[in-house]
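Letter 16 of the sequence shown, counting from 1, is numbered 16 in the UniProt record's numbering, and no numbers are missing. Built from N, CA and C at the ideal position, the CB exists for glycine as well.
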Amino acid sequence: MERDKLFFRCVLLHYFDLKKSAAETHRLLAEIYGESAPSETVCRDWFRRFKSGDCDVHDKQRTGQPKKFEDEQLQALLEENPAQTLKELSQQLKVDKSTI
Numbered sequence: 001m002e003r004d005k006l007f008f009r010c011v012l013l014h015y016f017d018l019k020k021s022a023a024e025t026h027r028l029l030a031e032i033y034g035e036s037a038p039s040e041t042v043c044r045d046w047f048r049r050f051k052s053g054d055c056d057v058h059d060k061q062r063t064g065q066p067k068k069f070e071d072e073q074l075q076a077l078l079e080e081n082p083a084q085t086l087k088e089l090s091q092q093l094k095v096d097k098s099t100i
């Protein structure tokens with residue numbers, strides 16, 4: 001039975017509230033859900049988070065890696081010359097081709 005991350009996080013919080021250990025919780029979940037269950041390390045990490053007082057089971061908002069250039073720069077270059085190659089664009093923007 002395939003379950004999503006949020007489901008398992010709620011179950012982890014439930015077992016944490018029942019005063020179960022992370023290891024015991026992992027064993028119980030693995031017995032029921034097999035390979036779909038979170039690893040013992042994941043269980044420990046979430047229990048540590050709950051113990052610190054953070055019981056929010058949702059992902060934290062992250063900003064991600066800062067952009068190396070603005071999309072408008074790329075758009076302007078393409079409007080100037082739509083036939084430019086990826087290599088030419090990467091040289092003008094001073095970034096690797098994989099960044100574009």
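Which of helix, strand or coil does DSSP assign to residue i?
{"i": "residue 97", "result": "helix"}
{"i": "residue 89", "result": "helix"}
{"i": "residue 21", "result": "coil"}
{"i": "residue 70", "result": "coil"}
{"i": "residue 65", "result": "coil"}
{"i": "residue 84", "result": "coil"}
{"i": "residue 30", "result": "helix"}
{"i": "residue 76", "result": "helix"}
The alpha helix (DSSP H) with residue i in it runs from where to where?
{"i": "residue 51", "result": "40–51"}
{"i": "residue 5", "result": "5–17"}
{"i": "residue 58", "result": "No alpha helix (DSSP H) holds residue 58; DSSP gives it neither H nor E."}
If I measure Cβ to Cβ from residue i and keep anything under 6 Å in the same chain, skipping five residues before and after, which residues do I get?
{"i": "residue 26", "result": "40, 43"}
{"i": "residue 46", "result": "12"}
{"i": "residue 93", "result": "69"}
Which same chain residues, not among the five before or five after residue i, have their C-beta less than 8 Å away from its C-beta?
{"i": "residue 6", "result": "57, 58"}
{"i": "residue 10", "result": "57"}
Can you give me the Cβ contacts of residue i inside the same chain, cut-off strictly under 7 Å, excluding the 5 residues immediately before and after it?
{"i": "residue 86", "result": "97, 100"}
{"i": "residue 23", "result": "40"}
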